[in-house]
Amino acid sequence: MNFFKKKSLSEIQISTKNSNLKKNLGSLDLIFLGIGAIVGGGIFVLSGLVSAEYTGPAIIISYCVTGFISLLMAFFYVELTTMVPSSAAIYSYSYNIFGEIIAWLAFWMILLEFATAASSVAVGWSNYFYDIVAEFLPYKFAVSPFEGGYFNIISSLLVSVLTLILFLGINLSKNTSNLLVIIKFATIFFFITFSAKYFDKENFKDFMPFGLKGLFAGGGLLFYSFNGYSLLSSAVEECRDPVRNLLHGLIFSVIIAIIIYVLTALFLNGAINYQELKNVSNPLVFVFQKHGRENIAYIVMLGAIFSMVTGLLVNMYAITRITYSIANDQLLPDFFTQLRGDAIPYISIIFTGIFVFCLSGLFPLRFLGHISSISSLINSIILLVLFVQFRRKHYRLTRILRVPYVKILLPITFCLISYLLVIQFIRNAQSIIYFWTILGWIILGSVLYFIRKIFIQKNQ
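Reading the sequence shown from the start, the letters are residues 33 to 492 in our numbering.
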């Protein structure tokens, strides 16, 4: 068994070109896909938690810092993905640089990042939706066992519906996602317009109550809010012009997301004191409830319910495409490569639906958010290492976009991401739980890899 066998760039390019998936996506679709993935639970749910417990009104700076880091990461990502487009980007590049076992572990961390991100959005969505069904559904069926409940049935039902949408095909998924992104823009514009009436500069007097550590700890938790840019590579096999579409999708979606996050956080903290947001799971709605505007609160709640669906849909979509790609390399069972008549990887969709269904029903938002952020930060460090190795190993390869001042920007990005990662384990009371969760996940992935290799060897 060769655990470190490598894959050439030509093999990666051939597998992308020979994909049996339909090529229905353009640049605008990828921009919408990126915004749909990035702007979601990070603003509709976590903005209140982070403001109340980590940053205060300085969440605006946290969004700027994490947005700046994500934009830098997007440029590094663009250089790699436009050079060698692949739906399983970090996995494929790890396969080329480090070998199979490292590539598998990279995929394993990507799976954790995307699945927990999707689940956290589903749980955040359930917090908004519960306001509608509270009279009919006992609270214990709307929260996880770790919060005194039985099972979060609301989030799990949403996952089931979106699994069905993915099962029906990419055109329906694309059109659904684009429509929901438009609703998302409208909801945020509506919130900013009406919350401006209650804007009070006095709420910014205690601007950074938790200091710089709190600001960066909050930024670390918010980092997963921007992880949507890395999801776009999963759609490369369905792009009409992969290089051009990825370039536009990655850069524009991150820039637009930064603007949305900063403006929304500004008006949220201007309309209400950050201390009142403690334990509030629907901050944008709570602002208007606090000011006695129930009618406006209801409209924002409905908008948020529709808006947050895109983040879940895109994360689930990405998992289905990545597992399909990995199965083509025989690292997952062959049945993951099975396509329905209209080129839909239905086994991957079923697997994704079951996995996210269980996570969203069993675990609380805070846990899922932290695990997704930690996984995203780890994957970002892996990407930076791959970027350096690609510059050294494939320096002659044509690059559509070449990151300038890389000797300055890359160390700065690496240090910032490393600090955000470390502070996740220092400042949090539950850091030991997060540490063992990540370590346990890596060990489980290693065991499954060896089992799969033994199975393949026996059947050769």
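Note that CB positions come from ideal geometry on N, CA and C, so glycine has one too. The structure displayed is predicted, hence computed values, not measured ones.
Ranked by Cα distance from Ser450, the options Ile414, Gly385, Val438 are led by Ile414. In the assembly as shown, Asp361 is a buried residue. Its beta-carbon has 16 or more other beta-carbons within 10 Å. Going by C-alpha positions, Phe178 is about 27 Å away from Phe242. Leu263 is positioned such that its CB atom lies closer than 7 Å to that of Ala350. The C-alpha of Phe226 lies about 40 Å from the C-alpha of Phe446.
Look at Leu364 here: in three-state DSSP terms it is coil, with no helix or strand label.
As the crow flies, the alpha-carbon of Lys245 is around 8 Å from that of Ile455. Within the DSSP bridge table, the entry for Leu57 names Cys271 as partners. Relative to Ala336, the option among Ser313, Arg353, Thr114, Gly324 whose CA is nearest is Ser313. Using a 10 angstroms sphere on the CB of Glu234, the tally of other CB atoms stays under 16, which defines it as exposed. Contact check between the segment 123-136 and the segment 397-408: fewer than three CB pairs, one atom from each, fall below 8 Å, which does not count as touching. Contact between Ser408 and Phe248 does not hold, since their C-beta atoms are separated by about 15 Å, which reaches or exceeds 8 Å. The criterion of a C-beta distance shorter than 7 Å is satisfied by Ser404 and Thr148. Gly131: not part of any alpha helix (DSSP H); DSSP gives it neither H nor E. Distances from the alpha-carbon of Lys322 to those of Ser339, Asn311, Leu334, Ala303 put Ala303 closest. For a cut-off of 8 Å, the C-beta gap from Val191 to Gly385 is around 6 Å, short enough to register as a contact.
Between the segment 352-370 and the segment 417-434 there are fewer than three C-beta pairs closer than 8 Å, too few to call the two in contact. Taking 7 Å as the cut-off, the beta carbon of Leu279 is found closer than this to the beta carbon of Thr114. Its chain contains Phe457 as the residues whose beta carbon lies nearer than 8 Å to that of Phe467, once the 5 sequence neighbours on both sides are disregarded; these appear in chain order. Tyr86 and Leu253 do touch by the CB rule: their CB atoms are close to 7 Å apart, below 8 Å. The three-state reading of DSSP puts Pro315 in helix, counting H, G and I together. Counting of Cβ neighbours within 10 angstroms places Gly180 among the exposed residues, the total staying below 16. Rounded to the nearest whole angstrom, the C-alpha separation of Thr98 and Asn491 is 47 Å.
The criterion of a C-beta distance shorter than 7 Å is not satisfied by Phe161 and Ile185. A straight-line Cα-Cα distance of about 9 Å links Leu309 and Ser79.
Judged by beta-carbon spacing, Val317 lies within the 7 Å limit of Ala329, meaning their Cβ atoms are closer than that value.
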